[in-house]
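Here's the structure, in structure tokens; my notes come after.
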Amino acid sequence: MKIAILSRKKSLYSTTALFEAAKARGHEVLVINPLRCYMNITSHNPTIHYKGEKLDDVDAIIPRIGPSITFFGTAVVRQFEMMGTYSLNESVAITRSRDKLRSLQLLARKGIGLPVTGFANSTKFTEDLIEMVGGAPLVVKLVQGTQGIGVVLAENRQAAQSVIEAFQGLKANILVQEYIKEAKGRDIRCFVIDGKVMAAMERRAEEGEFRSNLHRGGSARVAKITPEERSTATRAAKIMGLNVCGVDLLRTNHGPVVMEVNSSPGLEGIEKATGKNLAERIIMFMEKQARSKSTRTKGKG
Ligand code: ADP
Ligand code: MG
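This is the structure:
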């Protein structure tokens, strides 16, 4: 197959790992910066050009679209889908996963356990909003945040009120969420490929921090997950429509809750923590799936 990895940098661990795994399995691989693609949107012969050349013989793409380029990046994925190119994760599913509120609503609809979460536009009823999620301490999150940035723990009601009002004053979309204290600054990342949890790691926040993101100084180790955690992760992946994703769980007194589902999960932390070659697994899955013109949505949505 000819596989294109849509990534802004070839030197990133995940991009390199996927590149090498695909090469080792005998595929032709190229790394394409999605921001350098340009396209014509026509119903007869949609094409993508990259650095002056037409890209018309790619069989499959691996989107590694960073959150800062979701808008244009997913448009490029959609264009490939229109051309009949197989995409590891479809554009609609990536877009869905990038909006925390939308994701939580979809998961809630299907009965997945979630932290109690509130959302409001107006600053008028902040007190009631705080009450709705069970009072302080609580977590305030930017809807489109990532890597722990824009996630704030408000220890008491007064702090909660000020933080919520400050974010709303900036016209930022936020979620207000029950703080899961018993998680003790830890979460579980389940790496799902094709409806199966292929690896799981526990991330622990640094001393004095509640966010376990590796970008915020968290550390990772292999995790042993329960059957309930396994089924929660695979159901969440299915609901989001993602073939490959990272499902983040918090362990609560009443079982696992899903915090978020990531459509471009990093490989470095989890491959190092678990010793599993996930890049190779992803390529093997693509070999099974990627028959040319087999994309489901053809860029719908
Ligand atoms: P991001 O997309 O920026 O990673 P998350 O929603 O994953 O945002 O939150 C970042 C980290 O903060 C999580 O990995 C977790 O450790 C912690 N955290 C988030 N929400 C909660 C919560 N409701 N209760 C306890 N800890 C939380
Ligand atoms: Mg996270």
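Convert by adding 57 to the 1-based position in the sequence shown; the result is the number in my numbering. Note that beta-carbon positions come from the ideal geometry of N, C-alpha and C, so glycine has one too.
Note to self: Checking 8 Å against the spacing of the C-beta atoms, do Leu63 and Ile98 come in under that value?
What the structure shows: Your numbering for residue 63 matches position 6 in the sequence shown. Your numbering for residue 98 matches position 41 in the sequence shown. Not closer than 8 Å, so no.
Next item on the list: Using only the heavy atoms of the ligand ADP, determine whether one of them is closer than 7 Å to the beta carbon of Arg268.
Entry: Taking the sequence shown and counting its residues from 1, one reaches residue 268 at position 211. It does: the Cβ of Arg268 is within 7 Å (strictly closer) of some heavy atom of the ligand ADP.
Item checked: Reference Glu110, options Asp116, Met96, Leu299 and His311, closest by Cα -> Locating residue 110 in the sequence shown gives position 53, counting from the first residue. Minimum Cα distance to Glu110 is reached at Met96.
Item checked: Every unbroken alpha helix (DSSP H) within the region 200 to 252, with a cutoff of 4 residues, ordered by chain -> 214 to 226
Notebook entry, point to check: For Asp114, is the beta carbon positioned less than 7 Å from some heavy atom of the ligand MG?
Noted result: What you label residue 114 is simply residue 57 of the sequence shown in a count that begins at 1. Every heavy atom of the ligand MG is 7 Å or more from the Cβ of Asp114, so no.
Notebook entry, point to check: Since Glu317 is in the beta strand (DSSP E), which residue starts that stretch and which ends it?
Noted result: The count along the sequence shown starts at 1 and reaches residue 317 at position 260. Its beta strand (DSSP E) spans residues Gly312 to Asn319.
Notebook entry, point to check: Can you tell me where the alpha helix (DSSP H) with Thr289 in it begins and where it stops?
Noted result: Within the sequence shown, the letter at position 232 stands for residue 289. Start and end: Pro284 to Met297.
Next item on the list: Check whether the Cβ atoms of Ile118 and Thr152 lie closer than 8 Å to each other.
Entry: Indexing the sequence shown from 1 puts residue 118 at position 61. Indexing the sequence shown from 1 puts residue 152 at position 95. Not in contact: Ile118 and Thr152 (Cβ atoms no closer than 8 Å).
Note to self: Report the CB separation of Ala257 from Ile282 in whole angstroms; it is logged as a contact under 8 Å.
What the structure shows: Counted from its first residue, the sequence shown places residue 257 at position 200. Counted from its first residue, the sequence shown places residue 282 at position 225. At roughly 5 Å, the Cβ-Cβ gap stays under 8 Å, so Ala257 and Ile282 are in contact.
Next item on the list: In angstroms with no decimal places, state the Cα-to-Cα distance between Ser349 and Val233.
Entry: Counting from one through the sequence shown, the residue named residue 349 turns up at place 292. Counting from one through the sequence shown, the residue named residue 233 turns up at place 176. Reliability of the predicted coordinates at Ser349 is poor, the pLDDT of 47 falling under 50, and no value is obtained from them.
Margin query: With the cut-off set at 8 Å, would you say Lys198 and Gly207 are in Cβ contact?
Written below: In the sequence shown, the residue the question calls residue 198 occupies position 141. In the sequence shown, the residue the question calls residue 207 occupies position 150. Contact: yes.
Checklist line | Ser154 vs Val314 beta-carbon contact at 8 Å | finding: Mapped onto the sequence shown, residue 154 falls at position 97. Mapped onto the sequence shown, residue 314 falls at position 257. No; because the gap between Cβ atoms is not below 8 Å, this pair is not in contact.
Notebook entry, point to check: What is the rounded straight-line gap between the Cα of Pro50 and the Cα of Gly312?
Noted result: Absent from the model: residue 50. The displayed extent of the chain is 58 to 358, so no value can be given.
Next item on the list: Check whether the region 127 to 141 touches the region 301 to 310, counting contact only when three or more Cβ pairs, one atom from each stretch, lie closer than 8 Å.
Entry: no
Checklist line | Extent of the continuous alpha helix (DSSP H) run through Asp185 | finding: Reading the sequence shown from its first residue, position 128 is the one you call residue 185. Segment Thr183 to Met189, the alpha helix (DSSP H) holding Asp185.
Item checked: For Tyr107 and Pro91, the rounded distance between their alpha carbons -> Sequence index remark: in the sequence shown, residue 91 carries index 34 (1-based). Sequence index remark: in the sequence shown, residue 107 carries index 50 (1-based). Cα-Cα distance, rounded: 9 Å.
Next item on the list: Quick one: residues in its chain with C-beta nearer than 7 Å to the C-beta of Lys253, no 5 flanking neighbours on either side, listed in chain order?
Entry: Position 196 of the sequence shown, counting from 1, holds the residue named residue 253. Excluding residues within five positions, the ones whose Cβ falls inside 7 Å are Thr291.
Check: Where Gly358 and Val200 are concerned, what is the direct C-alpha to C-alpha distance, given to the nearest angstrom?
Finding: Reading the sequence shown from its first residue, position 301 is the one you call residue 358. Reading the sequence shown from its first residue, position 143 is the one you call residue 200. Residue confidence for Gly358 is low, a pLDDT of 49 falling below 50, so the modelled location carries little weight and cannot support an answer.
Next item on the list: Measure the alpha-carbon distance for Val115 versus Ala81 and round it to whole angstroms.
Entry: On the sequence shown, residue 115 is found 58 positions in, with the first residue counted as 1. On the sequence shown, residue 81 is found 24 positions in, with the first residue counted as 1. Answer to the nearest angstrom: the Cα atoms are 18 Å apart.
Note to self: Are there any heavy atoms of the ligand MG lying less than 7 Å away from the beta-carbon of Asp305, as far as the coordinates show?
What the structure shows: Residue 305 sits at position 248 when you count from the first residue of the sequence shown. Asp305: yes, Cβ under 7 Å from the ligand MG.
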